[in-house]
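Engineer: Structure in structure tokens, see below.
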Amino acid sequence: MTKLFGTNGVRGVVNQEMNVHLALQMGKAIGAVNPGTYAIGTDTRYTCDMIRSAVSAGLMSVGCNVLLLGALPTPALQYYVKTHNVAGGVMITASHNPPEFNGIKVIASDGTEASSEQEASIEEKYDETIPAVDWAFTGTCTEVSGAADDYVDAIVSKLDVDLIREAKLTVVLDCTNGASFYTSPLLLRKLGVRAITINGNPQGEFPGHPSEPTEDNLQDLMKMVRDTPDAVLGIAHDGDADRCVFVDGDGNYVPGDKTLAILASSIVKQNGGGVIVTPVATSSVIDDAVGKVGGEVVRTAVGSPKVARMMMETGGLFGGEENGGLIFADHQYCRDGGMAIGRMLESILTIGPLKDQVAALTPFYTVKKKIVCPDHLKEEVLKYLDKNTEGINKDPTDGLKLLFDNGWVLARASGTEPIFRVYAESTDKAVAEELASKYESMAKLCISSM
Ligand code: MG
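Have a look at this one:
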């Protein structure tokens with residue numbers, strides 16, 4: 004079977020692995036597996052028109068109707084799918100990848116990311132000769148406007164708008180010339196927030212800077228916040244604006260695990276308790292912060308669809324990963340960059356400046372090791388570590404997590420690269436370093452002995 008889907012949809016360099024033949028066959032396979040009407044959105048990449056046209060043609064050839072929503076964030080497409088009677092959605096985006104990449108992401112009829120089972124049935128169908136329908140039953144293609152605005156209005160309806168409006172805040176927003184341009188400036192305007200926008204040119208060069216929202220890539224945003232005396236916050240998205248990261252009012256980058264902990268704590272406080280969901284790899288800073296306000300943290304395997312599904316099962320209020328992918332149950336079960344802005348503004352106004360909230364968190368030290376490991380040895384390394392750590396408390400949710408009184412170690416094979424990862428964390432830096440080195444050596448010993 005052709006392996007199409009990675010951890011985040013199908014991606015590749017355009018006119019190499021991501022080409023119109025693949026996109027056409029993907030469109031046919033998606034429509035053949037689950038017939039009906041599909042909403043299609045794109046990010047702002049130059050190649051989106053070409054890939055979207057091929058996917059649309061494939062869908063229509065098997066009898067599906069297509070609704071073209073235009074350029075908008077992935078969560079705005081997901082909101083449209085969730086609130087309309089359609090079979091699903093397709094997002095043309097390669098998220099944070101460089102401009103030569105593009106990708107196809109499938110959205111289920113409830114607006115969530117397609118499950119691995121749904122992806123597997125599309126892959127199975129992809130390898131077949133998929134018959135086209137009789138000419139009289141081919142699908143139609145209709146442009147639909149207003150989906151981005153509806154998404155913004157839905158976010159606004161969930162927020163304490165009076166609180167935010169009265170504060171007359173100023174923020175700096177970095178759209179990375181991506182899809183967030185179509186929603187985040189509008190959202191901030193509707194909230195009465197003055198937004199100084201950089202990289203707000205979606206018809207121009209994508210991206211405005213390498214679009215993974217890391218500290219290195221957000222230097223302009225950090226400088227602009229420092230140079231803007233009134234700014235209480237810097238906001239940045241990735242290319243398709245499902246993720247959101249923040250810079251505090253002094254221009255300091257706030258790591259994603261700290262944002263998760265701060266928003267989780269705010270939301271639990273607001274609700275007087277509740278469940279927060281995050282993968283096993285996330286820092287314990289979230290358990291510490293959530294525990295202090297009477298909430299509970301549930302852990303999952305790595306990947307935002309896993310977090311979203313666990314939130315549905317447990318009634319979790321909020322969840323996410325430390326890369327800025329944040330999920331708010333009261334809006335929708337997917338990563339939602341726009342909603343993250345709203346909840347962060349509320350948190351600043353009800354609890355205090357972001358810088359103070361970061362300073363109040365218990366410091367945890369995480370050490371991350373990357374070990375080169377051929378794919379065929381990954382399972383062996385995991386077994387070896389498991390065998391040689393008998394008597395230690397373990398969490399087998401994803402890879403192997405070893406739980407100690409003063410910290411933890413997570414040993415986990417990468418799903419996409421020939422790499423084995425060892426993470427260690429403790430409130431004591433020396434302990435974190437010692438744990439990481441110990442289990443890195445153990446994994447290396449196993450690899451070299453095979
Ligand atoms: Mg993304």
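Residue numbers for the sequence shown follow our numbering, beginning at 4 and rising by one.
Glycine is no exception: its CB is placed at the ideal position from the N, C-alpha and C atoms.
Every value quoted in this text rests on a predicted model; they were computed, and no experiment measured them.
1. Quick check: the segment 317-330 against the segment 134-145, are at least 3 beta-carbon pairs closer than 8 Å?
2. The beta strand (DSSP E) spanning T231 covers which residue range?
3. Can you name the start and end residues of the beta strand (DSSP E) that C449 belongs to?
4. Count the other CB atoms within 10 Å of the CB of I158; is the residue buried (16 or more) or exposed (fewer)?
5. Measuring alpha carbon to alpha carbon, tell me which of C449, T419, I422, A414 ends up nearest A439.
6. Taking buried to mean at least 16 other C-beta atoms within 10 Å of its own C-beta, is L348 buried or exposed?
7. Output the boundary residues of the beta strand (DSSP E) element that contains T145.
8. What residues are listed by DSSP as bridge partners for D398?
9. Just list the residues that DSSP pairs N68 with in beta bridges.
10. Counting pairs of Cβ atoms below 8 Å between the segment 397-413 and the segment 293-309, do you hit three or more?
11. Measure the C-alpha to C-alpha separation of Q222 and H212 and round it to an integer number of angstroms.
12. Shorter than 9 Å from the beta carbon of E218 to some beta carbon of chain C?
13. V109 to G92, Cα distance in whole Å?
14. Between D245 and the ligand MG, is the CB less than 8 Å from at least one heavy atom?
15. Using 9 Å as the threshold, is the C-beta distance between S187 and L176 below it?
16. Quick one: which unbroken beta strand (DSSP E) runs of 3-plus residues sit fully inside the segment 84-127? Chain order, please.
17. For the segment 65-79 against the segment 265-273, do three or more pairs of beta-carbon atoms, one drawn from each stretch, fall closer than 8 Å, so that the two count as touching?
18. Grab the span of the beta strand (DSSP E) containing V248 for me, first residue to last.
19. Considering A427, what are the terminal residues of the alpha helix (DSSP H) in which it resides?
20. Taking 6 Å as the limit between beta carbons, can you name the residues of its chain near C51, skipping five residues before and five after?
21. Does the Cβ of I351 have 16 or more other Cβ atoms within 10 Å, making it buried, or fewer, making it exposed?
22. Out of curiosity, what's the CA-to-CA distance linking E116 and G9?
23. Under the rule that 16 or more other beta-carbon atoms within 10 Å means buried, what is N396, buried or exposed?
24. From which residue to which residue does the beta strand (DSSP E) around G298 run?
25. Counting only runs that start and end within the segment 142-207, where is the beta strand (DSSP E) found for 3 or more residues in a row?
26. Is it the case that the CB of R338 approaches a heavy atom of the ligand MG more closely than 8 Å?
27. Distance check for L7 and N22, CA to CA, integer angstroms please.
28. Which of the three DSSP states is assigned to T217 in this structure?
29. Classify V16 as helix, strand or coil using the three-state DSSP reduction.
30. In its own chain, which residues sit with a C-beta less than 8 Å from the C-beta of D431, not counting the 5 before and 5 after it?
31. Going by the beta-carbon positions, is the gap between I265 and G322 smaller than 9 Å?
32. Please state the DSSP three-state secondary structure of A311.
33. Between which two residues does the alpha helix (DSSP H) carrying K6 extend?
34. Would you say Y442 and L388 are within 9 Å of each other, going by their C-beta atoms?
35. Measuring CB to CB, does T40 end up less than 9 Å from P205?
36. Is it buried or exposed, K3, if we count other Cβ atoms within 10 angstroms and call 16 or more buried?
Structural biologist: With the given structure in hand:
1. No, they do not touch.
2. Note, T231: premise wrong, no beta strand (DSSP E); not H, not E.
3. Unbroken run through C449 is the alpha helix (DSSP H), 432-451; no beta strand (DSSP E).
4. Buried is the call here.
5. Answer by Cα proximity: A414.
6. Counting the other CB atoms within 10 Å of its CB gives L348 a total of 16 or more, which places it among the buried residues.
7. Unbroken beta strand (DSSP E) run through T145: 144-146.
8. Answer is K404.
9. Answer is T40, bridged to N68.
10. Touching, yes, given that three or more Cβ pairs across the two stretches are closer than 8 Å.
11. For Q222 and H212, the gap between their C-alpha atoms comes out near 10 Å.
12. Reference to chain C is not applicable here, since this structure consists of a single protein chain.
13. When rounded, the distance between both Cα atoms is 6 Å.
14. With a threshold of 8 Å, the Cβ atom of D245 counts as near the ligand MG, since some heavy atom of the ligand is closer than that.
15. Yes, these two residues count as a Cβ contact at 9 Å.
16. Counting only runs of 3 or more, we get 91-95, 104-110.
17. Too few Cβ pairs lie closer than 8 Å, so no.
18. Element bounds for V248: 247-251.
19. It is not in any alpha helix (DSSP H) - A427 instead sits in the beta strand (DSSP E) that spans 422-429.
20. Here the set comprises T45, I95.
21. By the 10 Å Cβ count, I351 comes out buried.
22. Approximately 13 Å, taken between the alpha carbons.
23. Residue burial annotation: N396 is exposed, with fewer than 16 other C-beta atoms found within 10 angstroms of its C-beta.
24. Membership of G298 in the beta strand (DSSP E) is indicated by the continuous run 298-303.
25. Here the runs fully enclosed are 144-146, 173-177, 197-201.
26. Yes, the Cβ of R338 comes within 8 Å of a heavy atom of the ligand MG.
27. Each residue's Cα considered, the two are about 13 Å apart.
28. Note: T217 maps to coil in three-state DSSP.
29. Look at V16 here: in three-state DSSP terms it is strand.
30. Correct list, in chain order: Y368, N409, G410.
31. Going by C-beta atoms, I265 is not nearer than 9 Å to G322.
32. A311 falls in the helix class under three-state DSSP.
33. Where K6 is concerned, there is no enclosing alpha helix (DSSP H), given that its DSSP letter is neither H nor E.
34. Contact flag set, yes.
35. Their beta carbons are not under 9 Å apart, which means T40 does not touch P205 by this criterion.
36. The chain is shown from 4 up to 453; residue 3 falls before or after that span and cannot be answered.
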